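Here's the structure we're looking at; comments come further down.
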């Protein structure tokens with residue numbers, strides 16, 4: 001087993017999501033280096049996109065997958081989540097596996113590999129199914145779970161008095177394997193219908209459930225007193241959707257958790273709410289808690305931990321210290337002792353505003369790390385108003401005066417708040433830490449506008465609305481807005497959805513979910529049909545008041561689905577009149593931090609808007625999705641920007657030393673590996689996120 005563990009480290013291969021199980025995204029390869037990277041060219045290209053249907057239409061799905069490479073074979077997924085194997089030196093397809101058509105098509109960011117002698121398998125998720133596939137021939141392994149797949153609803157029903165089997169549960173990021181145990185996080189809804197986000201472990205060979213760790217503690221468990229009595233019966237989420245890391249020697253798995261449901265209002269969950277927004281360490285074989293470190297108490301701002309922690313050994317005060325590093329959506333970088341969870345740099349607990357919405361209980365203190373300094377701005381001030389043009393400045397300033405927010409922990413309100421921490425600082429692509437303890441992290445820097453509304457006020461009895469409209473407000477408006485205008489590619493507008501999708505297509509998405517959108521299978525079919533009719537402006541039924549039972553989804557005696565008293569009325573990017581971020585650039589950066597000292601080495605804009613560059617606007621940076629990979633060759637490779645380029649940066653200076661215009665956006669994390677003495681760099685150029693859709697995996701090598 002030790003030989004297998006040693007071989008399955010990043011080097012010649014790229015055998016794990018993140019390169020190795022420590023999540024370092026670092027390669028010791030040096031063939032491609034600062035002296036010759038300018039000679040990189042395309043070595044092969046694999047078209048993973050699906051063929052158009054009989055009407056000539058192709059499903060608009062992107063690729064976020066970071067593939068893995070084992071013994072010269074590359075494994076990845078298509079936009080339709082078919083699993084494939086290629087020769088990693090030529091891109092030649094060896095086999096392709098097609099999952100059940102009944103499974104929801106979620107985003108997929110990677111796959112897992114396990115072997116024991118001749119038994120070699122790939123594990124990956126499609127919807128609520130965890131599949132086991134023979135790595136040698138692409139055949140499903142029927143002895144695993146139920147005919148080759150495990151239902152990820154397993155282990156979530158414990159002590160609940162409502163049925164979770166139809167709630168939205170999937171996994172966008174792969175789990176992690178320790179010996180014969182695969183530890184899984186999950187993606188769930190962020191609204192009142194959220195399933196619990198418990199961590200589960202399954203037997204890699206049989207698929208049987210091995211243990212469950214309750215991220216929302218139940219009676220008698222540590223942390224139960226940080227919630228109201230029996231809150232676990234109606235409050236969901238507190239999930240790990242971003243992935244996990246593993247210390248093989250210690251047998252400990254590390255991960256970050258997200259916020260409780262529902263986002264932005266916690267009136268029914270008074271307390272610190274363990275284990276929400278925590279960096280955690282569990283025994284990989286038993287699920288026993290080793291330690292936790294909560295970064296946000298009683299989260300009201302959706303500040304989930306967005307990526308797997310990174311494990312590294314640092315020099316601190318003349319000693320070597322094993323550390324776990326977690327970057328956050330609000331731009332913080334926590335560096336903790338791997339054995340104790342104690343911070344290696346000073347962190348202050350300060351008083352924060354507590355003037356919350358009626359019924360709310362904002363926590364009176366929050367953490368403020370003193371080192372490293374934040375990756376992004378923390379509060380939007382008048383000095384931050386965009387200077388892109390006088391017109392843009394005037395447009396944004398007028399809006400700023402109406403919604404200005406003077407504290408990063410200002411509770412959500414009905415008058416509105418401006419906040420950072422959604423779509424960055426750090427995002428799901430993670431970061432890279434090289435052998436010297438230097439962290440490379442891309443960060444997004446854009447403000448969002450949040451306006452809350454009392455749920456009852458959205459459908460006033462004196463102004464009745466249709467049943468479909470009421471159901472939309474209850475289930476969809478939190479993301480897409482009461483006005484259906486959405487906000488960008490993450491929360492797309494639905495005003496003219498009928499021009500893009502048929503009624504049957506919308507019904508299918510409501511039932512199964514799609515991408516980050518959860519399934520609404522738990523709603524009766526007639527309610528889903530009513531929402532579709534409303535979206536297509538086809539409702540003919542009578543109008544009803546908010547307080548009538550057929551206006552909203554039924555709530556069980558247990559209080560589930562949970563319906564918070566306040567919901568988001570407006571949740572959108574804070575932009576100028578042309579849609580650019582309403583803040584002075586940079587809007588996206590790449591950062592290098594020496595984690596031994598906590599000091600920044602450099603910070604540079606990442607990406608640009610070509611139309612602004614043509615006007616002579618200095619490089620602004622853009623938001624980016626997908627992370628960096630660093631190498632012993634002195635390079636940092638990263639794509640993920642709106643200008644659809646992949647770049648190589650000099651690790652020492654932050655200077656761009658190579659770039660390539662991809663056929664579509666590379667919103668994924670690249671990998672690097674070696675086959676027969678030749679080093680390759682591969683990126684999934686799947687497009688999306690408001691840009692054109694692609695479908696290619698592209699490999700680069702030296703001439």
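Residue numbers (UniProt numbering): 1 to 703.
Where is the CB? At the ideal position from N, CA and C, for every residue including glycine.
Keep in mind it's a predicted model, so treat the numbers as computed, not measured.
Can you name the residues that DSSP bridges to residue i?
i, result
"residue 638", "647"
"residue 630", "26, 636"
"residue 594", "438, 599"
"residue 568", "452"
"residue 306", "Beta-bridge pairing links residue 306 to no other residue."
"residue 367", "349"
"residue 147", "Answer is none; residue 147 lacks a bridge partner."
"residue 121", "114, 134"
"residue 315", "320"
"residue 674", "679"
"residue 700", "42, 681"
"residue 87", "73"
"residue 418", "449"
"residue 246", "253"
"residue 432", "440"
Provide the residue span of the beta strand (DSSP E) that contains residue i, from first to last.
i, result
"residue 178", "176-178"
"residue 348", "347-351"
"residue 205", "Here residue 205 belongs to no beta strand (DSSP E), and DSSP marks it neither H nor E."
"residue 337", "333-337"
"residue 50", "It is not in any beta strand (DSSP E) - residue 50 carries neither H nor E in the DSSP assignment."
"residue 279", "278-283"
"residue 76", "73-77"
"residue 256", "252-256"
"residue 64", "Unbroken run through residue 64: none, as it is neither H nor E."
"residue 657", "656-661"
"residue 293", "289-294"
"residue 182", "181-184"
Excluding the 5 residues flanking residue i on each side, which residues of the same chain have their C-beta closer than 8 Å to its C-beta?
i, result
"residue 492", "480, 486"
"residue 214", "158, 196, 198, 221, 232"
"residue 155", "198, 200, 209, 212"
"residue 218", "158, 159, 224, 232"
"residue 340", "291"
Over the uninterrupted alpha helix (DSSP H) stretch that includes residue i, give me the two end residues.
i, result
"residue 723", "Examination of residue 723 is not possible in this model, given that the chain is present from 1 through 703 alone."
"residue 610", "610-614"
"residue 534", "525-535"
For my contact list, residue i and residue j are in at a C-beta cut-off of 8 Å; report their separation, rounded to the angstrom.
i, j, result
"residue 587", "residue 445", "6 Å"
"residue 174", "residue 127", "Rounded, the Cβ-Cβ distance is 14 Å, inconsistent with contact."
"residue 114", "residue 69", "Not confirmed; about 15 Å, so no contact."
"residue 266", "residue 298", "6 Å"
"residue 32", "residue 661", "Not really, about 19 Å apart at Cβ, beyond 8 Å."
"residue 670", "residue 646", "7 Å"
"residue 610", "residue 585", "Their Cβ separation, rounded to whole angstroms, is 15 Å, which puts residue 610 and residue 585 out of contact at 8 Å."
By Cβ distance, which residues of its chain are closer than 6 Å to residue i, with the 5 residues on each side in sequence left out?
i, result
"residue 254", "245, 281, 309, 324"
"residue 63", "79, 684, 686"
"residue 108", "65, 77, 81"
"residue 145", "207"
"residue 636", "440, 628, 630, 649, 651"
"residue 74", "67, 86, 88"
"residue 354", "362, 364"
"residue 343", "336"
"residue 138", "95, 97"
With a threshold of 7 Å on Cβ separation, who are the neighbours of residue i within its own chain once the five nearest residues in sequence on each side are excluded?
i, result
"residue 667", "62, 64, 625, 626, 640, 686, 688, 689"
"residue 528", "507, 510, 511, 520"
"residue 497", "506, 535"
Report buried or exposed for residue i, applying the criterion of at least 16 other Cβ atoms within 10 angstroms of its Cβ.
i, result
"residue 104", "buried"
"residue 524", "exposed"
"residue 47", "exposed"
"residue 147", "exposed"
"residue 191", "buried"
"residue 12", "buried"
"residue 456", "exposed"
"residue 42", "exposed"
"residue 406", "exposed"
"residue 360", "buried"
"residue 674", "buried"
"residue 417", "buried"
"residue 101", "exposed"
"residue 317", "exposed"
"residue 45", "exposed"
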